[in-house]
Structure formats: C-alpha cells, structure tokens
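Read through the structure below, which is laid out as structure tokens, and then see the notes.
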Amino acid sequence: MTGTRPRVTIPQVSAETVEDSNDAPAGERDRVPVRPLRRTRRRRVVAGVAGALSEHLDVDVLWVRIAFTVLAGLGGAGLLVYGLLWMFTELDSGDERSGTDENPKQRQQSLGLVALAFGLFAAFVALSGQSASWFMVPLAVGLGGVALVWREADEAQRRRWRDGARSGVTEVVGGGRGVTMRLVAGLVLTCGGAALLIYQSPTLDHVPTVLIAVLATLVGVVVLTVPWWLRLVRELDEQRRATVRTREREEIAAHLHDSVLQTLALIQKHAEDGREVVRLARGQERQLRTWLYGPTGYRRGGRPTGHAANTMLSEAIAVACGDVEDAFAVAVQHVVVGDCATDERLTALVQAAREAIVNSAKHSGVEQVSVYAEVEETAVTVFVRDRGSGFDADAVPEDRHGLADSINGRMRRNGGRVRLRTAPGEGTEVQLEMPRVAHRPQQDADAPAQRGETS
Amino acid sequence: MTSADNDDTGGTPRRPVRVFLVDDHALFRTGVRAELDSTTAGSTAQIVVVGEAGSIGEAVAGIARHQPDVVLLDVHMPDGGGAELLRRVRRAHPEVVFLALSVSDAAEDVIAVIRAGARGYVTKTISGQELAGAVLRVADGDPVFSPRLAGFVLDAFSDRKGATPVSDPELDLLTPRERDVLRLLARGYAYKEIASELFISVKTVETHVSSVLRKTQLSNRYELSRWATDRRLV
Numbered sequence: 000m001t002g003t004r005p006r007v008t009i010p011q012v013s014a015e016t017v018e019d020s021n022d023a024p025a026g027e028r029d030r031v032p033v034r035p036l037r038r039t040r041r042r043r044v045v046a047g048v049a050g051a052l053s054e055h056l057d058v059d060v061l062w063v064r065i066a067f068t069v070l071a072g073l074g075g076a077g078l079l080v081y082g083l084l085w086m087f088t089e090l091d092s093g094d095e096r097s098g099t100d101e102n103p104k105q106r107q108q109s110l111g112l113v114a115l116a117f118g119l120f121a122a123f124v125a126l127s128g129q130s131a132s133w134f135m136v137p138l139a140v141g142l143g144g145v146a147l148v149w150r151e152a153d154e155a156q157r158r159r160w161r162d163g164a165r166s167g168v169t170e171v172v173g174g175g176r177g178v179t180m181r182l183v184a185g186l187v188l189t190c191g192g193a194a195l196l197i198y199q200s201p202t203l204d205h206v207p208t209v210l211i212a213v214l215a216t217l218v219g220v221v222v223l224t225v226p227w228w229l230r231l232v233r234e235l236d237e238q239r240r241a242t243v244r245t246r247e248r249e250e251i252a253a254h255l256h257d258s259v260l261q262t263l264a265l266i267q268k269h270a271e272d273g274r275e276v277v278r279l280a281r282g283q284e285r286q287l288r289t290w291l292y293g294p295t296g297y298r299r300g301g302r303p304t305g306h307a308a309n310t311m312l313s314e315a316i317a318v319a320c321g322d323v324e325d326a327f328a329v330a331v332q333h334v335v336v337g338d339c340a341t342d343e344r345l346t347a348l349v350q351a352a353r354e355a356i357v358n359s360a361k362h363s364g365v366e367q368v369s370v371y372a373e374v375e376e377t378a379v380t381v382f383v384r385d386r387g388s389g390f391d392a393d394a395v396p397e398d399r400h401g402l403a404d405s406i407n408g409r410m411r412r413n414g415g416r417v418r419l420r421t422a423p424g425e426g427t428e429v430q431l432e433m434p435r436v437a438h439r440p441q442q443d444a445d446a447p448a449q450r451g452e453t454s
Numbered sequence: 000m001t002s003a004d005n006d007d008t009g010g011t012p013r014r015p016v017r018v019f020l021v022d023d024h025a026l027f028r029t030g031v032r033a034e035l036d037s038t039t040a041g042s043t044a045q046i047v048v049v050g051e052a053g054s055i056g057e058a059v060a061g062i063a064r065h066q067p068d069v070v071l072l073d074v075h076m077p078d079g080g081g082a083e084l085l086r087r088v089r090r091a092h093p094e095v096v097f098l099a100l101s102v103s104d105a106a107e108d109v110i111a112v113i114r115a116g117a118r119g120y121v122t123k124t125i126s127g128q129e130l131a132g133a134v135l136r137v138a139d140g141d142p143v144f145s146p147r148l149a150g151f152v153l154d155a156f157s158d159r160k161g162a163t164p165v166s167d168p169e170l171d172l173l174t175p176r177e178r179d180v181l182r183l184l185a186r187g188y189a190y191k192e193i194a195s196e197l198f199i200s201v202k203t204v205e206t207h208v209s210s211v212l213r214k215t216q217l218s219n220r221y222e223l224s225r226w227a228t229d230r231r232l233v
C-alpha cells in the first residue's frame, strides 16, 4: 500500500508549527499539551508551587522539592524563588476535582524536605560568618508569618470559587474564627520578626529608631498584602474581558435577528417553492459569509481596511455575482486572483461580466456559472463560463442586444476585447479582457485623476 | 474489518474505498454518509463509510482503529480543526489520505489545512456526486483542487511587488504549464476538459496538479503563509 503512494510520505510542514512538529519522535506518542503553570490545592504541602512546577515540566514532584531544598542551602535562593513563584502563580480554579492526591508518605517526605531546606539555609548563614547571622531568627519568624497570611489568602480565593463570585477584599476575614486566628497569628509573627530585626540590628544604631520602625512596618504591610493586590489586578482584567464579551454577544444577537431569523421566516413561507428557498438560502449564506469573513467582517475585528474609499475589483465582482444569484436563482461561483482598485474601465468590465453572467443564467439551462477574474500587471481578464446548452454565435437573432450592446459595445468603448467560445451543446465561455489604465504610458498623466473620481 | 487491509494491492478499483468522516455536526455527517453510501458502480458499492467522529479526540482513536483509506475532515472544529487533527495523526498513519471539507472558504483556513497535509479541498455545498468523485480521486492518490483553492494557490505564488525573493526555485515557483492548469481549474474546468484544452493527457494534468500541491505544502516562501493571513476577501 505504501509503495504505491510515494507522495504521501513527504515530511509534514505546517505553516505555524515547524519547530513543534520536529521534536516529537516519529509517530510514537501524541503530543501532550503543556499544562500551564497553575498551583493545585490537592498536591499542596506549603503552597503547591512544587506540585505546579512538576506538572508543568512533567518531572516527578520529589525532584522539584529536592531542587528547592538544595537551592535553599545556597544562600536561600530556593526560598526566594519559591516565594516569588507563590506570588505570581495563579491558583487553579478547577481545584476540587478528584485526582492523584498526595499520599501520607509523600507528605511526610516533603515536610521533612521543608525542614531540611530551612536547616540548610540556617547552616549556610551560620557558616558564612558571624556578622551575618544576627538576622536569622527574626527573618525566620517574619517569613513564617508571611507564609501563614499568604496561605490564608489562597484559602480565601478557593472559598470564593466555591461560593460563587463575590468580589472585594472584605470577605477575606469572613471565614470563621479559625481563619481570623491564623491571620492574626501571621500578622503578629511578621510584626514580631520586624521588631526583632530592628532590636537586634547591630549596624543601624545611628539611624533614628522611629524611621526604622516605620520602614519595617511599611515593608511588612506591602509584603503581607501582596496576594490582595495581585487579585485586584486580575479581577480588573477579568471584568474588562467580561464587558467586551457581553458587547460582542449583543452584536451577534442583533445581527442574527436582522438577517438570519428574517430569512428563515421567509423560507418557511415559501416552503413549497424549491427555487425560491434555494435563492433565499444562497443569498443569506453570502451575506453571512461576508459578515464573518469579509474585509470589514466579524472575524477581522470589524475594522474597515484602508481601501474602503475605493471599491476593489474583487468586491465589485462578488457583488455582481451575488446580484445575479439572487435575481435568477443560479449558483455563481467566482474566483478572483490578484486585486486592484476599480476605475471607470474596470467598472465597465464588471458590468459587461455581469451581463455575461445574466446571459448564462437565462439561456444556458444549467444552474451553475463559473466566473474567474485575474488581475495582471497590464490587464484584467474575466472568464464567464457555463456548461449549458451553448448556441450558434452566427445565428443569434438581431433583436437580442445582450451580447452585442451590453458586452461587446461596452468593452470596445473602453478599449477592451471580447472573445466568445460556444457551440450548441458545448456550453459557453465569454472571455473579457480590459487593459489597466495605470499601465498605459500615454494615459499616465490622467490616471490619478480617474482613480480619485471613482470614490 | 482491519484484516481486509493486508490484501490491498493498491490502485485496484474493485475494493470499495473506506471513508472515515470527521465533522462536529452530526446532521452533516448523516447527510454525507447517505450520499457516499449510495455511490455505486454497477451493483457493488464504490465507497463505504467505516466510521465517523465528532471531535478530534474521537477521530484520532477512530482512525487508528478503522485504518480508513480516506478521511473526510471538517476544517472548522471546536478543538483545533482539521489542521490540528492532521498534525496529530499524519505521522502515525502516513498511508491515510485526507480530504478537507469546509463551509468557510477563508484563505488562511484552506491554506493551513493543505499545508498540514490534506490532499484536497472541497466546499460543503458540493453535490453528493461530485463529493464521491473527489473521494475516489484522492483515494487514487490524485489531489483535488476546487476552483477556489486553485485561485488561492495562483494568488499565493504570484510575483507581486514586495514579494519575498525566491530562495528555492524548485519549490517557490510554478512552471508556466502548472500556471495554465491552475488557471483552467480556477475557471471551473474539469481535468478532462483541461487535458483537451491544453492538448495533454489527463494523467499529465494530474501530475501537474500533484506537483502544485507539493509546492504548496513544502514551499518555505514566507509569502505563502503571510499572504493567507493578509488576504482580506474570500
């Protein structure tokens, strides 16, 4: 099987993810999406940072904890990193679902590691010289207090998710006596740590004690309230997004009502008339498509692009095709390659093309017309083709002016050419070619003026 | 069901083409299944729908289980769309051929799914008969270009002012003949009509289109992806 289809074995190249696709071993495992860095409560010993990292990096949680412990021994870097990650990592809101909980053994293990981390840090401080070790005790006390308060903030966040969205800072203290006790304990510990720090400080004797006290208090308050500041910022962001979403939803609802619902009502009325139903559905489809994907469409953010003043050729052709689709209940498929602004000549070209499409719709007897337009440096070419009955070009009666006047005349007057290919039973193809004004040397002078007029 | 795969000698038209449908609209799947199952040559069915899926996850599992010849997949789906599915299953199943089906016709979607490895692209408004024809064609290893896709590719490879310089002429340029074929495709010509128009065989037309498909998938011309996102109109 594979031998007969060599073409399908070409390497996969996707526009966006060339790098991504190369690192996976060929066809072995499906790529697991990388989990965002989110702290989960169920794997928490202190704050869940190690658990979050292990899931994000796809490493066993024990290794993450050991790394933190070792880093803590190196001048307390591990403690600092842990604290920062705690601050800036969001809590996972899908928290309460069941999952792999930590077993008691892992829990004991990690508590031991936490103790070891602090021990290592203390040892580091002690070994690094007597002069630096004076702040050990106050720092440990202060950090303990901060950890207690932050942990309480996490709990408050979780309660909020559980109870529904209540916002504001007030409910933080509304969690019962245990919570209040823990918060107070944290505050006392932090303040105590700060006080001890000031009291024991050997180097700050010459600075006024009041100033130091004020500074220490300020730092303490800032550190303690970090979780609430962060939450405030996140909530503001969330609210802004919610407003945008609401506005968008209203816009969509209004549009659906104006167009789609009306069309559906019309379709129900005309249920017996198949042709009419097709016509309505086609028109609505085109309108919705323009709304969704068009130049000023919904998916483009609704911003009109720079060409709004001058109609582009592709738009003009799309409009012409749409008109004929609506009027004659045929499907007109159009493809435009390249694009340019329309001027007088190109407008004439589009009108001639429209006439050709109408002819096909009226006389070919088939319900599909293909339109192809190509914009080149020197000329624009349009092909209108159907696979219908065709006709004998020489035998067209004199009173049929469509082809002679509307198409031939219009094209000739503007310097264009018409070629007709048809025979009875062979379908019809009208080829229209119009030179582009801007590229004819003798008319270069008035080209800008013409472009201005058409707006 | 899977044991039947082993005796496949490739290209024998007698064995029905096994198709797997991926689309998040159940109603649409039902419709396509009915249309494809009714495609017969004489008394034997040419196409059998072996399974369907409504999400990327189901599709990955279903394709692995059924080992279809052709996967018909929707460009737009909630969890990533056709391009995402292609990314996830193409390596594991290089022998499976993908044909993209879409209502959107937006250039970036179409180009993305082709670049991800689909061998063809058709719009959902295509008639049942045409769809069956397209399925049989991709099953034979030939690409299927709708007129619109041909237009997109022509546009993407065109040399406009400010276009990125060609770094690999082999991949970044279309030959004049390929251009001719694409133009006729965009004008709504069938392969047979193109062949007689250009005085070449249908097989040669298919070769040209295959070559264009390969270039569309492999060309690293920056223009190609940027063009698709820049393009304002469908």
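Protein chains in written order, with numbering that gives the first Met the number 0: chain A, 0 to 454; chain B, 0 to 233. We treat Cβ as the ideally placed atom computed from N, Cα and C, and that holds for glycine. None of these values were measured; they are calculated from a predicted model.
At least one CB of chain B lies nearer than 8 Å to the CB of Val334 (chain A). Annotation for Ser109 (chain A): the continuous alpha helix (DSSP H) segment containing it runs 103–126. Contact annotation: Pro77 (chain B) and Asp23 (chain B) have beta-carbon atoms nearer than 8 Å. Against chain A, the beta carbon of Ala105 (chain B) has neighbours under 7 Å at Tyr292, listed in chain order. When DSSP reads this structure, Gly119 (chain B) sits in a beta bridge with B:Leu98, B:Val143. Taking 8 Å as the cut-off between beta carbons, the residues of the segment 136–150 of chain B near chain A are Gly140, Pro146, Arg147, Ala149, Gly150, in sequence order. Residue B:Thr29 holds the alpha-carbon nearest to the alpha-carbon of Glu51 (chain B) among B:Gln45, B:Thr29, B:Glu34. In the same chain as Gly61 (chain B), and ignoring 5 residues on each side of it, the C-beta atoms closer than 7 Å to its own belong to Phe19, Gly50, Ala52, in chain order. Taking C-alpha positions only, Thr68 (chain A) is separated from Val113 (chain A) by approximately 7 Å. Beyond the five residues adjoining it in sequence on each side, Leu195 (chain A) comes within less than 6 Å, by CB distance, of Pro137 in the same chain, given in chain order.
With distances taken between CA atoms, Arg416 (chain A) lies nearest to A:Gln430 out of A:Ala139, A:Trp149, A:Gln430. Of all alpha-carbon atoms in A:Ser363, A:Ile406, A:Ser405, A:Gly414, the one lying nearest the alpha-carbon of Pro423 (chain A) is that of A:Ser363. One thing to note: Leu98 (chain B) has its Cβ within 8 Å of the Cβ of Arg118 (chain B). Looking at A:Val374, A:Ala326, A:Cys339, the one whose alpha-carbon comes closest to that of Arg353 (chain A) is A:Ala326.
Within the segment 47–72 of chain B, those residues whose Cβ lies closer than 8 Å to any Cβ of chain A are, in chain order, Val59. The segment 402–414 of chain A makes no contact with the segment 362–379 of chain A: fewer than 3 CB pairs, one atom from each, lie closer than 8 Å.
Taking the Cα positions, Ala378 (chain A) is about 15 Å away from Ser313 (chain A).
Contact check for Gly192 (chain A) against Val148 (chain A) fails: the beta carbons are separated by 8 Å or more. Residue-level contact check: Leu153 (chain B) touches chain A, since one or more beta carbons of chain A fall below 8 Å from its beta carbon. In this structure, Ala149 (chain B) sits away from Ala194 (chain B), with a CB-CB distance that is not shorter than 8 Å. In the structure shown, Val58 (chain A) adopts coil according to DSSP, grouped into three states.
Counting other Cβ atoms within 10 Å of its Cβ, Asn102 (chain A) stays below 16 and is therefore classed as exposed.
Met410 (chain A) carries a helical assignment under DSSP once its states are collapsed to helix, strand and coil.
The Cβ atoms of Leu85 (chain B) and Val31 (chain B) do not sit closer than 8 Å to each other. Look at Gln367 (chain A) here: in three-state DSSP terms it is strand. Assigned with DSSP and collapsed to three states, His24 (chain B) falls in coil, not helix or strand. With respect to Val334 (chain A), Ile356 (chain A) sits apart: the two C-beta atoms are not nearer than 8 Å.
Under DSSP, Asp73 (chain B) takes part in a beta bridge, and its partners are B:Leu100. Met433 (chain A): member of the beta strand (DSSP E) spanning 427–434, first to last residue. If you check the CB distance, Gly144 (chain A) and Leu188 (chain A) come in under 8 Å.
The three-state secondary structure of Asp272 (chain A), taken from DSSP, is coil. Along the segment 185–216 of chain B, going in chain order, the ones with a CB nearer than 7 Å to a CB of chain A are Ala185, Arg186, Gly187, Ser209, Arg213, Gln216. Spatial neighbours of Val222 (chain A) in its own chain (CB-CB distance under 6 Å, excluding positions within 5 residues in sequence) are listed in chain order as Val145.
The Cβ atoms of Asp179 (chain B) and Leu153 (chain B) lie no closer than 8 Å to each other. Cβ atoms of Ser101 (chain B) and Pro142 (chain B) stay farther apart than 8 Å, at about 16 Å.
For Ser101 (chain B), no Cβ of chain A is located within less than 8 Å of the residue's own Cβ.
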